[in-house]
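Residue numbers (numbering that gives the first Met the number 0): 0 to 371.
Have a look at the structure below before the remarks.
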Amino acid sequence: MLNVVEIDLNALRHNYNQVRRLIPPGTKIMAVIKSDAYGHGMVRVARELVSLGVDFFGVGDVNEGLVLRRAKIFTPTVILLGITEGECPEVIQNDLFPAVYDLNTAQKLSEEAQKAGIIQKIHLKIDTGMGRLGIPINEVVPFFSKIRSLKSLDVEGLFSHLSSANESCDGYTQFQLDAFKKAIDSIRKMGFNLRYNHIANSAALIQCKESHFDMVRPGIMLYGSLPSRALEKNVTLKPVMTFKSRIVQIKTVPPNSSISYGRTYITERESIIATIPVGYDNGYMRSLSNKGEVLIAGKRTRILGAVCMNLLMADITDVPDVQVNDEVVLLGRQADEVITCEEIAEKAGTISYEIYCALGGKNQKIYKRNLD
Ligand SMILES: *Cc1c(COP(=O)(O)O)cnc(C)c1O
């Protein structure tokens, strides 16, 4: 196994404890573990968080919810993307709480719940300005008037999502928070017992106290990344994911040699080239061609030429004593050097979220925990 994603469960614990530290004692935590916990492996991450007392999980779809239940994880779980009508029976049988944002689904779910003789909990999703999923803000009150007649549903929560909390708590975030508060007020006035109102993602929970409400929904910060540099002063997180490989070939080439597809790199001097079995099929983006760096023997080395499907080349001319099979760190720490997900994301023209999903989704994972 040359390529491996290592998941540091101690770092996950540390980050979860940072979430706890940032919110008032009574506030609940819904750990967002959608997309296989941002590539970190949903079941292992979930088990760890259960042992820390997490209150809720947020998963993407029903399938992820079922994976949790099959793993005997019975923590309350919200299906953030909502469900199709056909999925109602599975939701009911497995005690999953779907996000609901349309009446047809609500009706169908209520019918099925009635047949099963249960009261189904749901979390209603409203769109306060993200422009993505959710009941449009001006339709919230009419929606609740209709949902009142669906006796087998219990609207346990109301939630919404912020589009720009990584930028600031003012401006558009404030506008969304105000809209959310107004919606809560008008729904409470209609006699609904909303127990969990939630809107805060990592950025909001770190910097906007006003966004905490009854529950917060951290995702990226659990995995050790901040949604913006400006938040560094508020919290110290530990990266959970490391991505490692090994050198498969080393060769010395003369000046004027071209490296990789398209000859986008030509050596200027005699160079020593290390070939590493990582490419875009491993989630290591092609946009890192001629830009990315990897750690070899505790030193930063440049990627030369195009990143291929399964291979890339690094310049080790200035790194002494490197041998075939030596470890290469593409994300994470080696000796005194570190390559952060933010650095890779910036060079690849994307965000840390995408890097984690790509690397974690494509490579074998191992889990590490030190006794503390
Ligand atoms: C992904 C997601 C989150 C978590 O956002 P982070 O920025 O990763 O903290 C919270 N809520 C919803 C609805 C999401 O889709």
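Cβ atoms here follow ideal geometry from the backbone N, Cα and C, with glycine treated the same way.
As the structure is a computational prediction, the values presented were derived from the model and not from experiment.
Please classify residue i as buried or exposed, where buried requires at least 16 neighbouring CB atoms within 10 angstroms.
i	result
Ala334	exposed
Asn14	buried
Asn2	buried
Asn233	exposed
Ser185	exposed
Leu370	exposed
Val399	Residue 399 lies beyond the range of the chain shown here (0 to 371); nothing can be said about it.
Lys27	buried
Pro24	exposed
Phe174	exposed
Gly130	exposed
Asp126	buried
Measure from the alpha carbon of residue i to the alpha carbon of each residue in the options, then state which is nearest.
i	options	result
Lys22	Gln206, Ser224, Ile249 and Asn281	What sits at residue 22 in the sequence shown is Ile, not Lys. Comparing Cα positions, the closest option is Gln206.
Thr251	Asn9, Ile186 and Asp314	Asp314
Thr266	Gly130, Arg368 and Met312	Met312
Leu330	Lys290, Pro238 and Ala45	Pro238
Phe73	Ala45, Gly170 and Thr83	Ala45
Ile272	Leu287, Thr263 and Ile302	Ile302
Leu294	Glu326, Lys150 and Gly133	Glu326
Ser227	Asp126, Ser201, Val306 and Met240	Ser201
Lys298	Ile338, Ile183, Leu11 and Cys307	Ile338
Gly128	Ser351, Asn103, Phe142 and Tyr171	Tyr171
Ser288	Pro319, Asn255, Ala347 and Ile249	Ala347
Tyr222	Ala199, Met240, Ser162 and Asn309	Met240
Val49	Arg12, Ile82, Asp60 and Gly81	Arg12
Ile219	Arg20, Asn9, His39 and Met308	His39
Leu204	Leu176, Ile118, Asp153 and Leu8	Leu176
Glu231	Phe191, Gly85 and Asn165	Asn165
Comparing the CB of residue i with every heavy atom of ligand 3, is any distance shorter than 8 Å?
i	result
Ser151	No copy of ligand 3 occurs in the structure displayed; its ligands are ligand 1 alone.
Quick one: is residue i near chain C, going by C-beta distance under 9 Å?
i	result
Arg228	Within the model displayed, chain C is absent; a lone protein chain is all it includes.
_Below 8 Å, how does it come out for the segment 249-268 and the segment 25-36: are there three or more Cβ pairs, yes or no?_
no
*In the segment 305-368, which residue ranges form an unbroken beta strand (DSSP E) of at least 3 residues, counting only runs that do not cross its ends?*
311-314, 326-333, 336-338 and 364-367
*For the segment 271-282 against the segment 237-246, are there 3 or more C-beta pairs whose distance is under 8 Å?*
yes
_Inter-stretch contact (C-beta, 8 Å, three-pair minimum) for the segment 154-162 and the segment 114-124_ = yes
_Taking 8 Å as the cut-off, does the segment 93-101 touch the segment 63-72 (at least 3 CB pairs, one atom from each stretch)?_
yes
*Please go through the segment 85-126 and give each complete beta strand (DSSP E) segment of 3 or more residues, from N-terminal end onward.*
96-99 and 119-126
*Along the chain, which unbroken stretches of the beta strand (DSSP E) at least 3 residues long are found entirely within the segment 1-32?*
3-7 and 27-31
*Take every Cβ of the segment 77-87, pair it with every Cβ of the segment 51-61, and state whether three or more of those distances are shorter than 8 Å.*
yes
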